[in-house]
Structures are given as structure tokens and as C-alpha cells.
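If you read the sequence shown in this note's numbering, its first letter stands for residue 114, the second for the next number, and so on.
All C-beta atoms, glycine included, are put in the ideal place defined by N, C-alpha and C.
Because the structure is a prediction, the values reported are computed rather than measured.
These notes concern the structure reproduced below.
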Amino acid sequence: MVPTEAAVPLQNQSEILRPLPDFPDDIWSDHFDFFSQDQQVYDMYAKEIKMLKEEVRNMLLATENTITEKLSLIDIVQRLGISYHYGAEIANLVEKTFKVYANTKEYPDDLLSVALHFRLFRQHGFNISESIFYQFVETDGKFKESLSTDIKGLLSLYEAAQVRTHKDIILEEALAFAEANLKHVASYTSHSLAKQVNYTLKQALHKCIPRIEARHYISVYEEDECRNHLLLKFAKLDYNLLQMLYKQELSEIIRWGNESEIVSKLPYSRARLVESYFYGLGMFFEPQHSLGRIISAKTTALLTAIDDTYDSYGTLDELITFTDAIERWDAKEIDRLSICMRTSYLALLNVSDGVDNELTAQQRSYASDKYKDEWKQYARSSYIEALWFIPRELPAFPDYLSNGLVTSLCYLLIPTALLAMECATEDVYDWLSNYPKILVSLAKICRLTNDIGSYEREKQYRGTGIECYMKHYNVSELEAKKKFADIAEDAWKDINEEFLKLSTTIPTEILERFLNLARIVNVFYKQGVDGFTNPHNVVEPHIIDLLRDPINF
Ligand SMILES: CC(C)=CCC/C(C)=C/COP(=O)(O)OP(=O)(O)O
């Protein structure tokens, strides 16, 4: 156990010049402080869910359905957020269907079904060829003009194109074709599908946090004339039941945040405990991943405090001592630190002690060693960034990027997410230690998307990645931002490609974390904003939907 803070004299604070940006306050204050569960309601929901779960299982396994009907049902069940109840059954069904097609090569002939088949197979790790779209393409490689009015088909095509890899040439064309025609529909507000089209163009399914999609799709499905009442009821009950669990976990995070004082004692830092928990929920939503959510949330809250210490508070003298203390990872180091840095340092050691105890008992200490190692590497890279950016001495862009991949946090957040997953064996951690392409591509998405979103704020008090690019390649701000977005979009294709390649050797449950982290970044920083620093109107509505308001019946 780490000792508590001792009183040590401070240097003359008034002489120190600090950037101290004016971060927006916590928008949640005491919204989520305390949650008391209504046990009666909980038991009632749980009882009904148990019955409905079996009925839906029978629907999924019904033999009389055609292949297209089966895949459509799987898609609905996934989008409603209840497929985690049937992991093995769905995996089995998708695999069987894939094998049937591999033998017969007789695919459906409508765009909606073909695109749905394609997306589902790819999302389940089956590398179906894009050649199934040949039937919709003219000899010049363009999509048939007659499809431009098939709005449901175009929506399905647009979603399918999101899982494309670098090798998918037709899907590149498909994306442009679907997007252009859907934008046209979106401009006709009276069109019955305009609302859905608008939503999809803003938030593609593949890039969306699964719980956000569940909440959204429940409301879409509720208005669908062909809805199945039983499925809808199950989805709503399950959603609300899980939300009760999340509320309890969030109260625990807030209690921990208060006890560790990482918010109250760091006035210069962003108070983002609720957003940090929302991050953890984005990584895992299934009930069995409670510990994964909690550790991810605490690590994100610690990262917020420590990132702000490097970027918005510390002087270079203080930061070299702080970095060295993290390297030594020893409670005795606190006497060397300035007061504000002691709080986050102690909180870090305490969280890590908890992780150590848990993992030693499970004989998985290799995972907690990785946790500490990545924290140390993150601290070293943050210090290097401070050396460049505090005096605004912009490095060459490739140097910035290779260091920035570490400060993107992915190299720490992925091993953190795997701490509580028993399938994350020593082999998986060894694989991670070699920085596989899926991890590096993820880090590119996080680094560059964050750089676009936080540029306006950060350029006011320090150097930035965008400025490094502008200087290195002698381009405008607009060109640099466009290039960052293009690199990130390309990195999504890498992730999709690696997901397919790795799905035979790495458990899908683990690969899903990479996708989820990319999705979280997409939701927080979409359209060039910084929704972590300014959650208002960005992640705020999602936090209300996912963590505060249950669904009405
Ligand atoms: C959505 C996620 C992954 C949140 C993690 C929390 C965190 C510390 C963000 C850093 O934001 P920043 O804009 O200050 O980052 P940087 O200092 O790298 O620019």
C-alpha cells in the first residue's frame, strides 16, 4: 500500500509560468454520485429476460427460414444489442452460411441482401470476396445508375463499404456511389427514409460504439412496421437492466475519484470521471466485463490528470522529475514531486497495486508488468513532447508521429483493456509487445483524429502535431488537417484487413477491443471537435442515453 501525502515545502509558485488552459467544467457535477438500485424492478426485469431469451434463441435456430431471413435476423439481434446472449449460436450460424455460399456461389441478387451478407461475414472474420458486387457494376467499373433510387440497398451498401480493406477496389467506388446518392436523399426532408439516411451518413454502424447503436436502433426498430414485439421487448428490458449495472459501476468510479482526490486536488486538470467511465463502457458493454470497464475507466481518469500535468501544467524541471519518478515506480519518490503531481502519482501506484494483486492471484503478472511498462513509456514520450512543444520547437513530422503514437494512449489502453480478460494469455501480451500492425494503425487513428479535434485549443499555448506537419511539408492548415483525416481513414482499412487476418489466431473478443477503441475515438472527435474536453452536445447526449435515462416501454 502506498503512504498518503506528506507535507513538503513548495517552491515559489507565483514565479512559475504555466500554460493553464481554461478547460470547461465538469458538466455532470452531482448527477451520478449515488445510485440505489430498486431490487424489485431488477428482479422483475431479470425474470422476464430469462423467458424471452429462450424464445429469441428458438427464433434464431428456426430451420424454416431462408438464408437471407436468418442473416437479417442476426443483423437485427446484433443491432438491438442482445447478440451477446447468443455468441456461440450466431458464430455457428454465420460460419455454416459462409460454407454454404463457398460451395454453391449462389448469392442473392438484390443490393440490400448482398451488402448485408458481405458486412456480416466480414464482421465475423470471414474473408468474403468483394466480387459478389460484380453483378451491380457496369463494364467501366461504375455502379449501375438504376440502383441510385434503391435507398435501402444504398444504406446497406454504405454500411458494407465501411469494412473494406486496401484490396477492395469496388467497395471504394461503392462508398462514393452510395454516399453521393444518399446525400441527395438526405436533402429531401420529406422522404420517408431521410431521417435514417441522415443518421447513417453521420454515424456508420461499423464505426459506432455498440451501446450507442443499440439505443439508436431500438428506437428505429420500434417504428418499423415489420417489427417483432417480442424482440423489441427483450431488447428494451435488457438495455435497462444493463444500464442499472452501469449506474452502480459509475457510482464506484465517482467514489474512487473522490477518495483518490484526483479531481479535487488538481484544479488545473479536466474533471472527466463520467466521460472516463463512458470510455470504459465503449470498450466493453457486456455484463461479464465489469472489471474491464472499471480498470479502463480508472486508467483513463488517471491519464487525463497526468496528460494535463504534462501538457497544461508542469514546467520542464518538474516534468523531468515526474517522469523519473514514474520510471522508478516507487512511493518513496513522492517527496521529490511538487504537490499537484503527488496526488496523481499516488493514485497511479494505488490503482496499479490493485491490478497487481488481482493478476498475481490469477497467475497473470505478465499483464500487470506490461501495464507498468506502458505507463513508463507513455511518461517518457510525454516528456519528449513537452521538450518540443513547451518552447514550440517543432520536430520533423516523422519524429513527431513516431513519438505521438505512444502519446496517443493506445499502447497503454489496449493492454489495460485486456487486463481483466483471461483469454489474454502471455502469448497475446508478447504479440502486443511487438506492436503489431493493428495496434500501430489504431494508434495512428487516435493520434491524428485527436490532433485535428484538439488543434484549436492546443495551438493557443503549445506546439501541435498539425503545425509540425505544416512546417515539415510546407502546406496550409487545411491541407494538414485533410492529410491527417486521410491517414486515419487509411488506417481503418488496415484495421479491417488485420482483423480478418488475425481472426484465426487471436480471439475475436480481443480483436473487438481494437475496433471499439477506434470507434470511441470516432465518437469523441468526429467532425473535428474535441468531445472529451468539450463533452457538451458531443458525448453528452450519449451519456444521458446510456447512463442516465432508461428506455420507456
Ligand atoms: C477518448 C480517449 C481515448 C480519452 C482519453 C483521455 C485523455 C487523456 C485524452 C487526452 O486528450 P488530449 O486531447 O489532451 O490528448 P493529447 O495530449 O495527446 O493531445
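Which listed residue (the options) has its alpha carbon closest to that of residue i
{"i": "lysine 614", "options": "Phe502, Arg235, Ile579", "result": "Arg235"}
{"i": "isoleucine 129", "options": "Asp658, Ser451, Ala460", "result": "Ser451"}
{"i": "leucine 628", "options": "Leu555, Leu507, Asp222, Ser242", "result": "Leu555"}
{"i": "tyrosine 548", "options": "Pro528, Cys339, Cys536", "result": "Pro528"}
{"i": "serine 478", "options": "Tyr426, Asp543, Asp448", "result": "Asp543"}
{"i": "leucine 284", "options": "Asp351, Leu270, Asn294", "result": "Leu270"}
{"i": "isoleucine 162", "options": "Ser242, Asp263, Lys349", "result": "Lys349"}
{"i": "alanine 327", "options": "Gln191, Ser303, Met164", "result": "Gln191"}
{"i": "tyrosine 423", "options": "Gly200, Ala499, Arg406", "result": "Ala499"}
{"i": "leucine 268", "options": "Ala299, Ile579, Lys166", "result": "Ala299"}
{"i": "valine 468", "options": "His237, Ser457, Leu404, Thr278", "result": "Leu404"}
{"i": "histidine 237", "options": "Leu358, Val376, Phe211", "result": "Phe211"}
{"i": "leucine 561", "options": "Thr646, Ala601, Ala533, Asp421", "result": "Ala601"}
{"i": "aspartate 430", "options": "Leu355, Gln152, Ile497", "result": "Ile497"}
{"i": "arginine 324", "options": "Leu355, Gln153, Lys639", "result": "Leu355"}
{"i": "glutamine 152", "options": "Ser521, Met357, Leu133", "result": "Met357"}
{"i": "lysine 483", "options": "Thr538, Leu233, Pro400", "result": "Thr538"}
{"i": "lysine 280", "options": "Thr176, Glu610, Arg406", "result": "Glu610"}
{"i": "alanine 175", "options": "Ile195, Met157, Tyr158, Leu206", "result": "Leu206"}
{"i": "serine 409", "options": "Ile195, Asp420, Tyr390", "result": "Tyr390"}
{"i": "isoleucine 503", "options": "Asp421, Ile565, Ser244, Leu462", "result": "Asp421"}
{"i": "histidine 297", "options": "Lys489, Leu314, Ile366", "result": "Leu314"}
{"i": "isoleucine 282", "options": "Asp263, Ala307, Glu243, Tyr312", "result": "Glu243"}
{"i": "lysine 257", "options": "Lys489, Phe290, Gln490, Leu472", "result": "Phe290"}
{"i": "alanine 593", "options": "Arg441, Ile565, Ala273, Cys453", "result": "Ile565"}
{"i": "lysine 378", "options": "Cys453, Lys308, Asp448, Asn587", "result": "Cys453"}
{"i": "valine 250", "options": "Phe637, Glu286, Phe231", "result": "Glu286"}
{"i": "serine 332", "options": "Ala474, Ile189, Phe435, Leu472", "result": "Ile189"}
{"i": "aspartate 139", "options": "Asp662, Asp658, Pro648, Cys321", "result": "Pro648"}
{"i": "threonine 618", "options": "Asp540, Asp599, Glu208, Arg575", "result": "Asp540"}
{"i": "glutamate 399", "options": "Asp222, Ile322, Val464, Glu388", "result": "Ile322"}
{"i": "glutamine 475", "options": "Cys536, Asn463, Asn635", "result": "Cys536"}
{"i": "valine 519", "options": "Ser546, Asn587, Arg505", "result": "Ser546"}
{"i": "glutamate 362", "options": "Arg340, Met534, Val387", "result": "Val387"}
Beta-carbon gap between residue i and residue j smaller than 7 angstroms
{"i": "serine 364", "j": "phenylalanine 148", "result": "yes"}
{"i": "glycine 644", "j": "valine 652", "result": "yes"}
{"i": "threonine 577", "j": "glutamate 569", "result": "no"}
{"i": "asparagine 470", "j": "serine 494", "result": "no"}
{"i": "asparagine 294", "j": "serine 261", "result": "yes"}
{"i": "tyrosine 88", "j": "glutamate 487", "result": "Lying outside 114 to 666, the shown extent of the chain, residue 88 is not represented and no answer is given."}
{"i": "tyrosine 220", "j": "valine 213", "result": "no"}
{"i": "tyrosine 426", "j": "threonine 413", "result": "no"}
{"i": "histidine 198", "j": "lysine 166", "result": "yes"}
{"i": "threonine 278", "j": "lysine 606", "result": "yes"}
{"i": "phenylalanine 612", "j": "leucine 624", "result": "yes"}
{"i": "arginine 383", "j": "threonine 428", "result": "no"}
{"i": "glutamine 275", "j": "histidine 304", "result": "no"}
{"i": "leucine 133", "j": "tyrosine 381", "result": "yes"}
{"i": "tyrosine 458", "j": "isoleucine 664", "result": "no"}
{"i": "leucine 532", "j": "lysine 584", "result": "no"}
{"i": "leucine 224", "j": "glycine 254", "result": "no"}
{"i": "isoleucine 633", "j": "glycine 395", "result": "yes"}
{"i": "isoleucine 439", "j": "alanine 509", "result": "no"}
{"i": "asparagine 563", "j": "tyrosine 638", "result": "yes"}
{"i": "leucine 184", "j": "glutamate 202", "result": "no"}
{"i": "phenylalanine 239", "j": "alanine 273", "result": "no"}
{"i": "arginine 455", "j": "threonine 434", "result": "no"}
{"i": "isoleucine 264", "j": "leucine 306", "result": "yes"}
{"i": "phenylalanine 397", "j": "arginine 406", "result": "yes"}
{"i": "alanine 480", "j": "leucine 415", "result": "no"}
{"i": "valine 376", "j": "lysine 411", "result": "no"}
Beta-bridge partners of residue i, as assigned by DSSP
{"i": "alanine 256", "result": "It should be pointed out that residue 256 corresponds to phenylalanine in this sequence rather than to alanine. Note: phenylalanine 256 sits in a beta bridge opposite Val250."}
Test: residue i CB closer than 7 angstroms to a CB of chain B
{"i": "threonine 413", "result": "Absent from the structure: chain B. Only one protein chain is present."}
Next on the checklist: Quick check for students: name the residue ranges of the alpha helix (DSSP H) that lie wholly in the segment 262-329, counting only runs of 4 or more.
Outcome noted: If only uninterrupted alpha helix (DSSP H) runs of at least 4 residues are considered, those enclosed by the segment 262-329 are 264-274, 282-299, 307-315.
Next on the checklist: Could you tell me which whole alpha helix (DSSP H) segments of length 4 or greater appear in the segment 551-593?
Outcome noted: Taken in chain order, the unbroken stretches of alpha helix (DSSP H) that lie wholly in the segment 551-593 and span 4 residues or more are 578-586.
Item to check | Whole beta strand (DSSP E) elements within the segment 161-204, 3-residue minimum | outcome: DSSP runs (the beta strand (DSSP E)) wholly in the segment 161-204: none.
Item to check | Complete runs of the alpha helix (DSSP H) confined to the segment 389-421 [at least 4 residues] | outcome: Complete alpha helix (DSSP H) runs here, min 4: 403-421.
Item to check | Complete alpha helix (DSSP H) runs within the segment 473-530 (minimum length 4 residues, chain order) | outcome: As far as the segment 473-530 is concerned, its whole alpha helix (DSSP H) runs of at least 4 residues are 478-502, 510-520.
Item to check | Continuous beta strand (DSSP E) assignments of at least 3 residues falling wholly in the segment 597-647 | outcome: Complete beta strand (DSSP E) runs here, min 3: none at all.
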